[in-house]
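Below is one structure, written out as structure tokens, with a few remarks after it.
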Amino acid sequence: MAESAAAQPAATPRKFADYSEIVTAFRPSWGALWAVIVFSCLINLLMLTGPLYMLQIYDRVLASGSVPTLIALTAMVVVLYGLYGVLEFIRARIMMRVARVGDEALRDRVFDAVSYHAVRRTAGVRAVPLGDLLTIRQFIGGQGPFAFLDIPWAPVYLLVIYLLHPLLCLYSVVAMVILAVLMIANDRWTRQPVAAAQKSATAATNLGEESRRQVESATALGMQAILRDRWRRVLNDSLDHQTVAADRGGALSTVSKTMRLMLQSGILALGAWLTIEQQITAGTMIAASIIMGRALAPVEQLVAHWQAFLSFQGAAKRLSRVLRETPVATRRMPLPPPVGRLEVDNLVCFAPGVDKPIIAGISFDLPPGSGLGIIGPTGAGKSTLARALVGVWPYARGAVRLDGASMEQWDRAQLGKHMGYLPQDVELFEGTIAENISRFQPDASPDDIVKAARQADVHELILNFPDGYNTIIGEGGGRLSAGQRQRIGLARALFRDPPVIVLDEPNANLDAEGEAALIRAILATRERGGTVVVVAHRPSAIAALDMLMMIRDGRSVAYGPRDEVLDKVLARRKPATPAPVAGGLALVASEENRP
């Protein structure tokens, strides 16, 4: 279904164009971010407390032997360090809340993006955006950003060292250059294996999830060991790349730490020589060593958090790309509840990456109270047509209209309340039977739930469960049989009597009793004025409908009253003896599966 994308804010800076939606999400927190910047300035100024204290101790207190001076200086240091601790605590709390604000602004869009690309079978998306959003939140709410906020203060520390002695400043600059070179080398050596490891890890996760969801088929067909070996190869590939990245990063990190310790000792040696030469005092030597350590700390923090930053950067790029490719749902004016007239005009649907249309030029007009059966061979496009009718499959040309309004004119949530849909592969959600039948509507009444269950003739079956409607069905309805899931899915489709109901092979897993209940539900829906569309292979559901369409290769080859279409289909087969309608429908089922 076509959707229009909202324009990006004009105020977004050009250099952030690729991240415009993410930047916009954090815009309400810009005031808090400025506060964090101010607090970072104060924190870095307070970091000079220690070196200045040592300078005064060595040059004043020890020289004068004044205990009151020592007490006054110590009291002042305690107050300043206390202020430092408070500002650090507040800064961390603010960044955690900034991360949450951005997450809350993006989470709905990210969830919708996952759903949007799942419908369109976009390769490589799946649930990756949800993980990317988590990565962004964890980095912003962690210690990583503080390294970037503290690094601009390194020149200030170098200036202070310069005021103590120019030679000490020159030594500190050389030390910073050495650590910066190691950081750049760390980035160059680890970027490629980290990216490859993330790609392989995602592939391994997806493969593991597929194997879990299809465990029954894999076990029955003896594929479990093959799938495990395939998953293990992909996972080993990820671990190999991670090992390379860890070895390279670990080696450079070790060299960086070793160099820092050596450089820290080196400035003491240089300071001692200058003290011997009586160019500086012992206090100046100690203060310069501490200040240089503080100047090097942000560089070391960058090295420590560089992998996390690369992960954050990659997540932001991927998420921004996915969001740019996902239309922003526009707010639609609510329309009057439909009576159920369903029109399809020259509908054309494509699968992603496929040039040949799945549905090509199908048209029909169903007034309220009518029922249309859709038959055809496997791969003809029947399920794609069903998805397009309920607005979950995008179409390239044509239109699907409900009471004269195209699907684009309906608010998605409002449209869903007027649609009943039973997919070919019934998927239920973790929760109770009642929640699944009610579509998790918070205002669902027990009467509406029981009514839908009775219409699907599943009320008595539900009562046989120990907890009845409160029975927890497990993930995907795994605690239910295929037939039970299908009948509960039918009750969900019938919930609150939607004016349009689309059923894709609704009797595939039903026994005779379930099929009888299905026919009664279809007839009851038509009697109240609802429109029913049924995709079917088995003949029982078609018997309750008045219109029939046969499609082949995405095109309608026969459409009209059910008996007329049956006559055309049966004429191809030319049976030796006349057959009643049920027998004719059996032949239709045979025709549907003919190669």
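At the far end of the sequence shown sits residue 575, using the numbering used here, and the numbering has no gaps.
Backbone N, C-alpha and C fix where the C-beta goes; we use that ideal spot for every residue, glycine too.
All values derive from a computational prediction rather than experimental measurement.
Scanning its chain for C-beta atoms nearer than 8 Å, with the 5 sequence neighbours on each side dropped, one finds around aspartate 491 the residues Gly463, in chain order.
As a beta-bridge residue in DSSP terms, tyrosine 401 pairs with Val482. According to the DSSP assignment, tyrosine 539 belongs to the beta strand (DSSP E) that extends over 535 to 541.
With contacts defined by Cβ atoms closer than 8 Å, aspartate 391 and proline 314 form a contacting pair. For the options Lys362, Ala433 and Val430, the alpha carbon positioned closest to that of proline 403 is the one of Lys362. Within the DSSP bridge table, the entry for glycine 353 names Val514 and Leu528 as partners. Rounded to the nearest angstrom, the gap between the Cα atoms of asparagine 450 and leucine 443 is 10 Å. The C-alpha of cysteine 329 lies about 43 Å from the C-alpha of glutamine 287. The DSSP-derived three-state label of leucine 498 is helix. Straight-line spacing of the CA atoms in alanine 368 and alanine 521 works out to 21 Å.
Shortest Cα-Cα distance from glutamate 388 to any of Pro48, Gln259, Ala309 and Gly349 involves Ala309. Taking C-alpha positions only, arginine 518 is separated from glutamine 435 by approximately 21 Å. Beta-bridge analysis with DSSP links arginine 377 to Val328. A residue is called buried when at least 16 other Cβ atoms come within 10 angstroms of its Cβ; aspartate 484 meets this threshold and is buried. In this model, alanine 424 and serine 418 are separated by some 6 Å (Cα to Cα).
Per the coordinates, the alpha-carbon of leucine 441 lies some 16 Å from the alpha-carbon of glutamate 415. The C-beta of threonine 511 has 16 or more other C-beta atoms within 10 Å across all chains shown, which makes the residue buried. Rounded to whole angstroms, the Cβ separation of leucine 299 and aspartate 112 is 4 Å, and the two are in contact under 8 Å. Counting only residues of its own chain and dropping the five nearest sequence neighbours on each side, glycine 251 has a CB closer than 6 Å to the CB of Met265 and Ala268. Less than 8 Å divides the Cβ of glycine 456 from the Cβ of leucine 408. For the 8 Å CB-CB criterion, valine 105 and histidine 97 form a contact. Serine 20: member of the alpha helix (DSSP H) spanning 10 to 26, first to last residue. Straight across, the Cα-Cα distance linking leucine 276 with glycine 62 is about 23 Å. In summary, arginine 193 is exposed, with fewer than 16 beta-carbon neighbours lying within 10 Å of its beta-carbon over all protein chains present. When secondary structure is reduced to three states using DSSP, aspartate 437 falls in the coil class, being assigned neither helix nor strand. Annotation: valine 78 to alanine 85 spans about 11 Å, alpha carbon to alpha carbon. Of the candidates Ile429, Lys179 and Arg240, the residue whose Cα lies closest to the Cα of isoleucine 413 is Ile429. Distances from the alpha-carbon of arginine 274 to those of Thr29, Thr505 and Asp335 put Thr29 closest. Of the other Cβ atoms in all chains shown, fewer than 16 fall within 10 Å of the Cβ of methionine 242; this residue is therefore exposed. Residue environment for phenylalanine 126: buried (at least 16 other C-beta atoms within 10 angstroms of its C-beta). The segment 150 to 169 and the segment 229 to 241 touch, with three or more beta-carbon pairs separated by less than 8 Å.
Taking the Cα positions, alanine 55 is about 27 Å away from isoleucine 260.
Within the model, the alpha-carbon separation for serine 0 versus aspartate 88 is close to 16 Å. Residue pairing from DSSP places phenylalanine 344 in a beta bridge opposite Val324. Less than 8 Å separates the beta-carbon of asparagine 24 from that of aspartate 130.
A check of alpha carbon separations from glycine 349 across Ala43, Gly320 and Phe6 identifies Gly320 as the nearest.
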